[in-house]
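A.B. asks: Structure below; questions to follow.
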Amino acid sequence: MPTILEADSGFKELDKYIDGIKEKKGMLIGVLHKAQEIFGYLPVEVQSHVAEKLHVPESTVYGVVTFYSFFTMKPRGKYPIKLCMGTACYVKGGSKLLETLREELEVKGDEPTKNGLFSIHEVRCLGACSMAPVVLVGDNDFHGHVTPHKLLQILDSYRQKEGKRNENKKS
Amino acid sequence: MKIKNLEELQRIKEESLKNLNGRESKKRGRVVVGMGTCGISAGAKDTLRAIVDEMEKQSIDDVAVIQSGCMGLCEVEPTVEVQIGDEEPVIYGHVNEKQARRIVKEHVVKGNVLREILVKRGKI
Amino acid sequence: MTVENTILICAGGACISSGEQSVKSTLEEEIKKHGLDSVVKIVETGCMGSCNLGPLMVIYPEGVFYQNLKSQDAKEIVEEHLLKGRVVQRLFYKGPTGEIKPRMKEELPFFTKQVKVVTRNLGIIDPSNIDEYIANDGYFALNKILEWSPERLIEEIKKSGLRGRGGAGFPTGLKWEFTRKSKSSEKYVICNADEGDPGAFMDRSVLEGDPHSVLEGMMIAGYAIGAQYGYIYVRAEYPLAIERLKKAMSQAYEYGLLGKRIFNTNFSFDVELRIGAGAFVCGEETALIRSVEGMRGQPVQKPPYPAQKGVWDKPTVINNVETLANLPVIINKGADWFSSIGTEKSRGTKVLALSGKINNAGLIEVPMGTTLREIIFDIGGGIPNGKKFKAVQTGGPSGGCIPDEYLDTTVDYDSLTKLGTIMGSGGMVVMDEDTCMVDVARYFLEFSAEESCGKCTPCREGTKRMLEILHRIVDGEGKLEDIDSLEELAISIKDTALCGLGQTAPNPVLSTLRYFRDEYESHIKEKRCIARSCKAMIAYTIDSEKCVGCGACARACGVNAVIGKIKEVHKINQEACIKCGSCYVACNFDAVKKVDAVDLVED
Ligand SMILES: Cc1cc2nc3c(=O)[nH]c(=O)nc-3n(C[C@H](O)[C@H](O)[C@H](O)COP(=O)(O)O)c2cc1C
Ligand code: FES
């Protein structure tokens, strides 16, 4: 029973990646990383596909996806905002930033904003504690010594890049 | 190329040391930008870009621009080390785009050390 | 607004008694007069150790050291140094014969007290260029040991006294010997680069700044135990480290330093990267093995130890990044050189990550046996904003907090264990008087409860029960018997949990109970948070004498809890106040006060 997702060209890309691995032993986590990179998240359809390709039970795949906090079964914003809640960042006011973000974006938990641009994720220490508090946008855009004011500027720079307005202001 | 024995390893070491010291190579110095996660989160990418750009503008091609890891001076990131000729290396801190361009124009071109943003002279 | 100059004024006992206060107040006046107050930051530090030269100050970023100051000197320093950028030679340090010696920052303890072994190449070489690693003697150690027998290599490492840097401090040579003795044609080396402790970033810095030293270390370990294959298990949160490692591996393969018949010997070694997926428990070695195999990272009972049955049930050595990065230096400089650094039972150096309420947050490396005071005050530059030091947290969620009366303790495995904490991986988070120790304990327990894999009951349920109690105390609903229940639960979890995570999870609670019991008691009995940090126990009020009615607080308030007309004294409606502190920050007249809620008199 083909779903809409299965028509996605992402599956081809994923298959190519899996076929390229010589030694498949122990590669489940690696494959799931790739799948999440392609699809942005890991819905059940993707999990079944991976299970079939790697010849492991679906329950094993599900077990792994739910065990590790890095994997998510829900879609994320185009730019996931990762807010460090490690000790150093906590001591230096990381929770204030969280309040600011929640207020600004008006979202609960890690669901994406209405325009799909952002989602908020509390993460463990990002290893840049000397620059605490730290915010990571996407996978590579690190910001250190972040203040609520600076955080709002960061959001704006992404909105500008995408030509989008503030999510919650009526046009 | 495969390294097969101690002699070959030694040869690479010596060649590389020559390059590092900039003596026999055509380079007369090097500019090192600290590009660890802490440096990057303080804006080291912009610093690096500004340095490369300014070097091009000033048509400097005899000074190498190099990326390195964290020197441990996270509090003053982004950091940039400049070494020209036989002079002692100089480390600058809090180097933003503007300061990065000044470093190229003043220190690399004219040899003037920028005292205001100096963190340390000499090797780490 | 950026701070252009930071001035450190020594406020140690000797300097205060020689007139530091008047120098400081003149300095502040002059700075204000010239409108420099937004770009110059003044920090009072603890004793800088040059008491005979006081009062003294150091001006950063230049690091100029002025001594024997009088209050009129402060004026000159502002006018000459800060405004015109000209240093005041007259006030420099003078040598015994009266010659002027400009004392720059490099002579200051931040640099002089460090000994760089593991971090030898950090910030000096280009990590993406293998030639630069080789220029600094890279891969010479590998070449050297391939001429030795594995037994001789193990002997050398045993002699060096190197102990694992991943937390437990197990002697590395001994671990290798066990694994060497396990009979199998297939063995593995795993580099533990999971670095899960919040507040730790030593391993990340080494991987980003000197990835080849870790690769070389793995090969040395591999040769010692007879392994042909290695895995590096890196956290997914470290994208840059992953990128640099990949590059380093491909360069090492190109040079034949990885792969078949390295240096034309019979030794072959391959390395593969495994990326974690965000589970703290995967730093524990048996869980890590499961995760390398692509499974859920749940720990298993030991024995059998990984030395007998590790990844794919084959004998495996797991070493931490920093342990491995030590190896090439030990081989090059000799076990005797290494064991001459540090203390009797803890040889060598330790890389520490300083963060939290500290002036020089960053990465440092010191000989084992350096005191906490030297680390925090001399190297770390003390506490910012003139606040008082309260505690330093070591060992992450498995460790504990050390109060100021133990600042002269030396940093080594055994001294820290005696204080009820652990060395852990080397993260040190400094806390000042504004940090509530009950809240810190709650924070760590929350971390452990969340990261518990759920396999064993004491850890899964026990940490949750403890957390509930702590939440209660922080929320102002604690009962006196809660302290006893916490202790009881803590001890039984320690004794019965399956793996290191559960066994150490109660440590932050136990150590804060040991040193800061009064804070727990005041939360419970008096409903007071000494640090004024627990929201349930504080309130904001406006001092009617000081309020000028500017309205800044009312504008800052997001919930309209500040009432009052412009030019009239404002008031806070306690019912509506959510205690966010915005008004406190907004007030320029010091009129908004943070008080204990119990002291609030309703009017
Ligand atoms: C909950 C838990 C987390 C751990 N996390 C790490 C870690 O992040 N990095 C690490 O090197 N060791 C960690 N360890 C210690 C490892 O189990 C193991 O002792 C270490 O990697 C051995 O290397 P070493 O002998 O070189 O120290 C952890 C242990 C426990 C119980
Ligand atoms: S605690 Fe936030 S980066 Fe380490």
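Chains as they are written, first to last, in our numbering: chain A, 1 to 171; chain B, 1001 to 1124; chain C, 2001 to 2603. Quick reminder that beta carbons are idealized off the backbone N, C-alpha and C, glycines included.
Tell me, please, whether the CB atom of B:R1023 is closer than 8 Å to any CB atom in chain A?
C.D. replies: Any reading at B:R1023 needs caution, since the residue's pLDDT is 47, under 50, leaving its predicted position unreliable; the model's value is listed next. Judged by the 8 Å Cβ criterion, B:R1023 is not in contact with chain A.
A.B. asks: Let's see if you can read the secondary structure: which residues bound the alpha helix (DSSP H) around C:V2214?
C.D. replies: Counting along the chain, the alpha helix (DSSP H) containing C:V2214 begins and ends at P2211 to I2225.
A.B. asks: Please report the straight-line C-alpha distance between C:A2287 and C:L2501, rounded to a whole angstrom.
C.D. replies: Distance between the alpha carbons of C:A2287 and C:L2501: 11 Å.
A.B. asks: Could you check whether the Cβ of B:G1069 sits closer than 8 Å to any Cβ belonging to chain C?
C.D. replies: Judged by the 8 Å Cβ criterion, B:G1069 is in contact with chain C.
A.B. asks: Does the CB of A:V137 have a neighbour CB from chain C at under 8 Å?
C.D. replies: No, no contact with chain C.
A.B. asks: Could you check if C:S2340 belongs to the surroundings of ligand 1, using beta carbon to heavy atom distance under 7 Å?
C.D. replies: Because no heavy atom of ligand 1 lies under 7 Å away, the Cβ of C:S2340 does not count as near it: no.
A.B. asks: Does the distance from the CB of A:L42 to the CB of A:G77 come in under 8 Å?
C.D. replies: In this structure, A:G77 does not lie closer than 8 Å to A:L42 by Cβ.
A.B. asks: Assuming C:S2425 contacts C:A2236 under a Cβ cut-off of 8 Å, what Cβ separation, rounded to an integer in Å, is found between them?
C.D. replies: The Cβ separation is near 18 Å, so there is no contact.
A.B. asks: Spatial neighbours of B:E1024 within its chain, please: CB distance less than 8 Å, with the 5 preceding and 5 following residues excluded, ordered by chain position.
C.D. replies: Unreliable positioning characterises B:E1024 in this predicted model, as indicated by a pLDDT of 48, which lies under 50. The coordinate reading is nonetheless provided below. Answer for B:E1024: K1018, listed in chain order.
A.B. asks: By Cβ distance below 8 Å, which residues in the same chain neighbour C:S2268 in space, the five residues on each side in sequence not counted?
C.D. replies: Counting only Cβ-Cβ distances below 8 Å, and skipping sequence neighbours, we find Q2228, G2259, K2260, R2261 and I2262.
A.B. asks: Give a yes or no on whether 8 Å exceeds the smallest Cβ distance from B:A1042 to chain A.
C.D. replies: Judged by the 8 Å Cβ criterion, B:A1042 is in contact with chain A.
A.B. asks: Would you check if the stretch 82-91 of chain A and the stretch 127-136 of chain A touch, i.e. whether three or more CB-CB distances between them fall below 8 Å?
C.D. replies: Judged by Cβ distances under 8 Å, the stretch 127-136 of chain A makes contact with the stretch 82-91 of chain A, as three or more pairs qualify.
A.B. asks: Give a yes or no on whether 8 Å exceeds the smallest Cβ distance from B:T1037 to chain A.
C.D. replies: Yes - at least one Cβ of chain A is within 8 Å of the one on B:T1037.
A.B. asks: Would you kindly work out how many angstroms separate the C-alpha atoms of B:G1111 and C:P2211, rounded to a whole number?
C.D. replies: Rounded to the nearest angstrom, the two C-alpha atoms are 33 Å apart.
A.B. asks: Between C:G2294 and C:K2314, what straight-line distance do the alpha-carbon atoms span, to the nearest angstrom?
C.D. replies: For C:G2294 and C:K2314, the distance between alpha carbons rounds to 16 Å.
A.B. asks: Measuring only from the beta carbon, is B:S1059 closer than 7 Å to any heavy atom that is part of ligand 1?
C.D. replies: No, the beta carbon of B:S1059 sits no closer than 7 Å to any heavy atom of ligand 1.
A.B. asks: With a CB to CB cut of under 8 Å and the five nearest residues on each side skipped, what residues in its chain are close to A:K150?
C.D. replies: If we look at A:K150 and ignore the five residues flanking it on each side, its Cβ neighbours are H143.
A.B. asks: Using CA atoms only, rank isn't needed, just tell me which of A:T60, A:E37 and A:I38 is closest to A:G26.
C.D. replies: Nearest of A:T60, A:E37 and A:I38 to A:G26, Cα basis: A:T60.
A.B. asks: What is the DSSP secondary structure of C:L2258, reduced to helix, strand or coil?
C.D. replies: Reduced to three states, the DSSP call for C:L2258 is coil.
A.B. asks: Step through the CB atoms of chain B and report whether any lies within less than 8 Å of the CB of A:A35.
C.D. replies: No, its Cβ sits nowhere closer than 8 Å to a Cβ of chain B.
A.B. asks: May I ask which residues mark the beginning and end of the alpha helix (DSSP H) holding C:A2335?
C.D. replies: A2335 to S2339 is the extent of the alpha helix (DSSP H) around C:A2335.
A.B. asks: Near C:I2031, which residues of its chain fall below 8 Å by C-beta distance, leaving aside the five closest residues on each side in sequence?
C.D. replies: Taken in chain order, the residues that qualify are D2037, V2040, I2042, V2078 and L2082.
A.B. asks: When you compare only the Cα positions, how much space is there between C:P2304 and C:L2372?
C.D. replies: Cα to Cα, C:P2304 sits roughly 37 Å from C:L2372.
A.B. asks: My guess is that C:Q2620 and C:C2459 are in contact by the Cβ rule of under 8 Å, so how many angstroms apart are they, rounded?
C.D. replies: For chain C, the structure presents residues 2001 to 2603; residue 2620 of chain C sits outside this window and is missing.
A.B. asks: Residues in the same chain with beta-carbon distance under 6 Å from C:A2591, minus the five sequence neighbours each way, listed in chain order, please.
C.D. replies: Contacts found: I2542, D2543, K2546 and C2547.
A.B. asks: Could you compute how far the alpha carbon of C:R2120 sits from the alpha carbon of A:I38?
C.D. replies: C-alpha separation (whole angstroms): 39 Å.
A.B. asks: Beta-carbon of A:N140 versus every beta-carbon of chain C: anything under 8 Å?
C.D. replies: Yes, A:N140 counts as interfacial toward chain C.
A.B. asks: Report the neighbours of A:Y158 on chain C: residues whose CB is nearer than 8 Å to its CB, in chain order.
C.D. replies: Within chain C, no residue comes near A:Y158; the closest Cβ sits about 18 Å away, beyond 8 Å.
A.B. asks: For a contact meaning CB atoms closer than 8 Å, what does B:E1075 contact in chain A?
C.D. replies: What B:E1075 touches in chain A: S130.
A.B. asks: Quick one: list the residues of chain B neighbouring A:H143, beta-carbon separation under 7 Å, in chain order.
C.D. replies: Here the neighbours are S1041.
A.B. asks: Mind pulling the chain C residues with CB within less than 7 Å of A:F11?
C.D. replies: Within 7 Å Cβ-Cβ: nothing; A:F11 doesn't reach chain C, min ~20 Å.
A.B. asks: Compute the beta-carbon to beta-carbon distance between A:L101 and A:V146, rounded to the nearest angstrom, for a pair I have assumed lies under 8 Å.
C.D. replies: About 10 Å separates the two Cβ atoms, so there is no contact after all.
A.B. asks: Take every Cβ of the stretch 2328-2338 of chain C, pair it with every Cβ of the stretch 2178-2192 of chain C, and state whether three or more of those distances are shorter than 8 Å.
C.D. replies: With a cut-off of 8 Å, the stretch 2178-2192 of chain C and the stretch 2328-2338 of chain C do not count as touching, because too few Cβ pairs lie within range.
A.B. asks: Report the option in A:S69, A:Y68, A:N115 and A:L28 whose CA atom is closest to the CA atom of A:H49.
C.D. replies: Here the closest residue by C-alpha is A:L28.
A.B. asks: Should C:S2425 be counted as a contact of ligand 4 given a C-beta to heavy atom distance under 7 Å?
C.D. replies: With respect to ligand 4, the structure offers nothing, as its ligand set consists of ligand 1 and ligand 2.
A.B. asks: How would you call C:L2480, buried or exposed, if buried means at least 16 neighbouring beta carbons within 10 angstroms?
C.D. replies: With fewer than 16 Cβ atoms within 10 Å of its Cβ, C:L2480 is classed as exposed.
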